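Residue numbers (my numbering): 3 to 126.
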């Protein structure tokens with residue numbers, strides 16, 4: 003790495019709207035207002051993003067601070083900490099520049115979100 007130019011390895015969601023399609027109940031739980039697609043050339047700030055990693059953070063915040071109904075809390079009480087742990091593991095793996103392991107963890111993270119979504123469907 004140079005003194006000014008740095009190389010980073012990171013994970014990001016290519017299309018935020020894909021998150022809503024993949025996990026509609028989880029998205030509606032943490033972001034009740036509809037997703038507004040940015041106009042061409044508009045730069046999104048961190049608060050405007052609704053990617054997978056932002057969903058994980060919103061679920062963690064919601065479990066800790068939101069007044070979710072008891073059935074929702076019961077369904078997510080064990081799942082969200084496990085999902086957050088996967089996100090943290092992904093961050094650590096990316097910091098080590100281990101793209102192969104990070105790719106495997108993204109699959110595990112998405113599967114954990116799939117399972118949380120299915121559990122919410124059953125709870126409703």
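Don't be surprised by glycine CBs; every beta carbon is placed ideally from N, CA and C. Since we're looking at a predicted model, the values are computed, not measured.
Task: Buried or exposed (CB count within 10 angstroms, at least 16 for buried), residue 19 - done: With fewer than 16 other CB atoms across the displayed protein chains lying within 10 angstroms of its CB, residue 19 is exposed.
Open item on the list: Using C-beta distances below 7 Å, list every residue in its chain close to residue 108, excluding the 5 sequence neighbours before and after it, in chain order.
Closed with: 13 and 92
- [ ] Out of 15, 104 and 83, point me to the one whose CA is closest to residue 51's CA.
- [x] Out of 15, 104 and 83, 15 has the C-alpha closest to the C-alpha of residue 51.
Open item on the list: What does the Cβ neighbour count give for residue 113, buried or exposed, with the cut at 16 atoms within 10 Å?
Closed with: Exposed, because fewer than 16 other Cβ atoms sit within 10 Å of the Cβ of residue 113.
Task: Between the CA atoms of residue 98 and residue 71 - distance to the nearest angstrom - done: 39 Å
- [ ] Leaving out five residues on either side along the sequence, give the residues of the same chain with a beta carbon under 7 Å from the beta carbon of residue 104.
- [x] 13, 92, 95 and 96
- [ ] Report the rounded CA-to-CA distance for residue 121 versus residue 106, giving the unit in angstroms.
- [x] 23 Å
- [ ] Leaving aside the five residues before and after residue 76 along the sequence, list all residues of the same chain whose C-beta is less than 8 Å from its C-beta, in chain order.
- [x] 125
Task: residue 53 versus residue 63 - alpha carbon distance - done: 15 Å
Open item on the list: Considering only the alpha carbon of each residue, which of 69, 73, 110 and 101 lies closest to residue 87?
Closed with: Checked all of 69, 73, 110 and 101; the closest Cα to residue 87 is 110.
TODO: Compare the C-alpha of residue 139 against each of 8, 85 and 68 and name the closest.
DONE: Nothing in the structure corresponds to residue 139, since the chain is present only between 3 and 126.
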